[in-house]
Structures are given as structure tokens and as C-alpha cells.
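Novice: What follows is a single structure, and I will ask about it in a moment.
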Amino acid sequence: MTFRRVHLLAALLAVLLTLSQAACGDEGDGKAGANGFAVGLLLPSRSLPRWEHSDKPLIEQRVKELCPHCTLEYANADDDVARQRAQMDSMITKGVKVLILDAADTKAMRSSIREARAAGVPVVAYDRLAEGPISGFVSFDGREVGRLQGEALLNAMGTAKARQIVMLNGDPTSPNAAWYRQGALSVLAGKVRIGRAYDTQGWSTENAHAHMSAAIAALGPNGIDGVLSANDAMAAGAIAALKSAGVTALPPVTGQDADLDAVRRIVKGEQYMTVYKPFRTEAAAAAELAVALGRGHDLRTVAPTTTDSPTTRNIPSVLLTPRAVTKDNIEQTLVKDHVHTIDQICRGLRTACARIGLTG
Numbered sequence: 141m142t143f144r145r146v147h148l149l150a151a152l153l154a155v156l157l158t159l160s161q162a163a164c165g166d167e168g169d170g171k172a173g174a175n176g177f178a179v180g181l182l183l184p185s186r187s188l189p190r191w192e193h194s195d196k197p198l199i200e201q202r203v204k205e206l207c208p209h210c211t212l213e214y215a216n217a218d219d220d221v222a223r224q225r226a227q228m229d230s231m232i233t234k235g236v237k238v239l240i241l242d243a244a245d246t247k248a249m250r251s252s253i254r255e256a257r258a259a260g261v262p263v264v265a266y267d268r269l270a271e272g273p274i275s276g277f278v279s280f281d282g283r284e285v286g287r288l289q290g291e292a293l294l295n296a297m298g299t300a301k302a303r304q305i306v307m308l309n310g311d312p313t314s315p316n317a318a319w320y321r322q323g324a325l326s327v328l329a330g331k332v333r334i335g336r337a338y339d340t341q342g343w344s345t346e347n348a349h350a351h352m353s354a355a356i357a358a359l360g361p362n363g364i365d366g367v368l369s370a371n372d373a374m375a376a377g378a379i380a381a382l383k384s385a386g387v388t389a390l391p392p393v394t395g396q397d398a399d400l401d402a403v404r405r406i407v408k409g410e411q412y413m414t415v416y417k418p419f420r421t422e423a424a425a426a427a428e429l430a431v432a433l434g435r436g437h438d439l440r441t442v443a444p445t446t447t448d449s450p451t452t453r454n455i456p457s458v459l460l461t462p463r464a465v466t467k468d469n470i471e472q473t474l475v476k477d478h479v480h481t482i483d484q485i486c487r488g489l490r491t492a493c494a495r496i497g498l499t500g
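Mapping of the sequence shown onto this note's numbering: position 46 corresponds to residue 186, and the numbering continues sequentially without gaps.
Structural data, given as C-alpha cells:
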């Protein structure tokens, strides 16, 4: 064998060894090594503080922990479906290997999800279940969210009142809104009179304010014994409308998301409760599904259940458990989990905080 042939053979073996090591780089110790990949994160809105302040940084942090050489491509749709479609197309063009999607419109994004699947890019539905060929789903149990809200409202109203309520349901384009409503009605049906019910486009404070003002005009400022509000942003609108109508003894109002402003309203006695969904747990689960898909792993090892959408059956899913928060357990839930500090909650409200034992 000539020196030249030996040299070429050695070079070929070196190349093959390098390729072999690259192919196995994600195995063994569970880290991506030098073979990291891009994860795309598409969030729907800036109208809720949680998306930018909690979900995005938590997902990014967990992706890095699981895959140190992975990168995160991020985009926010600002409630614009066309923008979110363009953002998804751009990420696929850039070469992301997997997408985490909280759809601005769960039906309208179906065609984009199909295009992602055709391009070989799996999609993890985050927080709300989009239609189309979704590869994984992470959220909180929506029926349990609604059930917690309904039970809290019944407890707050007691048994002595006529118990006529207003329901401010979520955005009709979101499957979560129907999920929450079903959960609430599972405990409220037959126990209250629903004086008015509204679907609230965009989950917005402004639309909730308009709906609540209409309900007050129809039922009277003193004819509402409770407000089932699907989230904290809408609770803010409902409470503002009640105050504008001259209601001083506010009826109990529910919420969801544990926004700081909502927690401060709970301390002041304006909002009765919120539903806390530990965002760190949800973000971590989404990152784990995305990294597993990016590495070509079977999701059944990290997704213990399945969910059906209108278009896809048996989607590997992680459904987490929410918690009800009232003035009695703020410290044991939100403060303990470092969602908000006592100083943030009680700034300017020290007397009200002391009244409920929230000091520090």
C-alpha cells in the first residue's frame, strides 16, 4: 500500500469518526453537546404580563439547562394571526428543529402547523391546544381551572343570597375558554342564576368592562351577587365597571393568572380570588417536550397522558394542576414560589396586608 493510499484512508477514517461522534452527540449523558439545535417559541400576545415576564424567560432557561448548545428563536404575535403565521414561516426558513406554539388563533394556525409538519418541524402546543398535526401539548387542566373558580364563587356568596351571577367567559376563538366554562358550570349549574353571560374577545380588560357595564344596566347595580371572570385582566374590567356604577360593596369576582395587580386587588378586598398556574412547571414541561422532539425521542417518556383536538387524536400531553389563591394563602403559594414578593404585593398596602397576615 502506497503512502498516498494510507494517507487517504486515514483521512477517510477521521471523517467517518467525526460524523459518528456527531450523530451520537445527543445521547449518553442526555446533553446536546456541540450538536445543539434551534427551538422556536411563538407566543400570542403582550396583553397578559405572564407571556413576556414569565413564560418566555422560563422556557429559555429550561431549554438551556436541558440542551446547553441549543438556541431559542422568539417571536410575539401581538394578537395578530397573520403576523404569527409569518413568524412561524420565518423560523422554519431559519432552520429551527422544533416549535413551541401558543396560537393567537387555534383554528387559524392549522394550515401553518401542517406546513411545519411537511417541513419536518414538530410543533408543541403550549397553554392552549391548536388544531392541526400537533406533536405534543402542555397546559393546565382547564376544567379544573373553571371548577376552582366556580367553587370559590359559591363559597364567597354563601347561601343567604339570591346568587345571581354574571359570567365573563374568555375569547371564543380559544378552546381554553370553553374548557374553563365547562368546569365552572359543572359546579354552578342549578345553584345560581346566570343573569348575563358574555364571550370576551381578546380576554381584554376593555371588552370585559363593556360587558359588565351592559350587565349592570340590565340587572341593576345591586342585582349582581357574583362575577365569574375567566381571567385577571377581565376581572380588572369588571371591577372598574362596578365602581363606575357606584357599587361600593363589591360582589366576589374570580380571576386567573395570579397577575400582580390582581393579587393586590385581592389584598384590598376588590377581587375575591385568582387561579395560580405555576408557570415554571408549565414552561419546564414545554421545554422538555421540545428538546425530546428535537433529539428524536419518544414523547411517551415525558408526556404521561393524551388529548384529542378537533383534528388530531391521542396527542402526547402534560396536563398540570392549578391552585386557587385567596387572601388566605397568598404567602403559601405565590410568595413561596417566588412569583411575587411581599414587598411587591404590599407596596402602599401595608395596612391591608397586615390585616390578612401578609407581612415580611
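Each residue gets a CB set at the ideal place from its N, CA and C atoms; glycine is no exception. This one's a predicted model, so the numbers in the text were calculated from it and none came from an experiment.
By a C-beta neighbour count over all protein chains shown, 10 Å radius and 16 as the cutoff for buried, is P444 buried or exposed?
Specialist: Burial call: exposed.
Novice: Where does the unbroken alpha helix (DSSP H) through Q484 begin, and where does it stop?
Specialist: 482 to 486
Novice: Quick one: residues in its chain with C-beta nearer than 7 Å to the C-beta of A565, no 5 flanking neighbours on either side, listed in chain order?
Specialist: For residue 565 there is no data in the structure shown, the boundaries of the chain being 141 and 500.
Novice: Tell me the DSSP secondary structure of E291 in three-state form.
Specialist: helix
Novice: Cα separation between T451 and A243?
Specialist: 15 Å
Novice: Considering only the beta carbon of each residue, do L241 and L182 sit closer than 8 Å?
Specialist: yes
Novice: Is M297 helix, strand or coil when you go by DSSP?
Specialist: helix
Novice: With a Cβ-Cβ cutoff of 8 Å, do P418 and G276 count as a contact?
Specialist: no
Novice: Could you tell me the distance, in whole angstroms, from the CA atom of R420 to the CA atom of Y214?
Specialist: 18 Å
Novice: Buried or exposed for S194, please, with buried defined as at least 16 other CB atoms from any protein chain shown within 10 angstroms of its CB.
Specialist: Flag for S194 reads buried.
Novice: Along the beta strand (DSSP E) that carries P333, what are the first and last residues, could you check?
Specialist: The question names Pro, but residue 333 in the sequence shown is Arg. It spans 333 to 339 - the beta strand (DSSP E) in which R333 sits, taken as one unbroken run.
Novice: Kindly indicate which residue of S187, M249, M228, V261 has the alpha-carbon position closest to the one of A432.
Specialist: Of the listed residues, the one whose Cα sits closest to A432 is V261.
Novice: Can you check DSSP and say which residues form a bridge with I455?
Specialist: T447
Novice: At what residues does the beta strand (DSSP E) containing V367 begin and finish?
Specialist: 366 to 369
Novice: Could you name the residues that DSSP lists as bridge partners for I178?
Specialist: Residue 178 is actually Ala in this sequence, not Ile. For A178, which the question treats as bridged, DSSP gives the partners T211.
Novice: If we call anything under 8 Å between Cβ atoms a contact, is T299 one with T246?
Specialist: no
Novice: For L157, which three-state DSSP category applies?
Specialist: At L157 the pLDDT is 36, less than 50, meaning the model places this residue with poor confidence; the figure from the coordinates comes in the next sentence. Helix.
Novice: Consult DSSP for M374 and reduce its assignment to one of helix, strand or coil.
Specialist: helix
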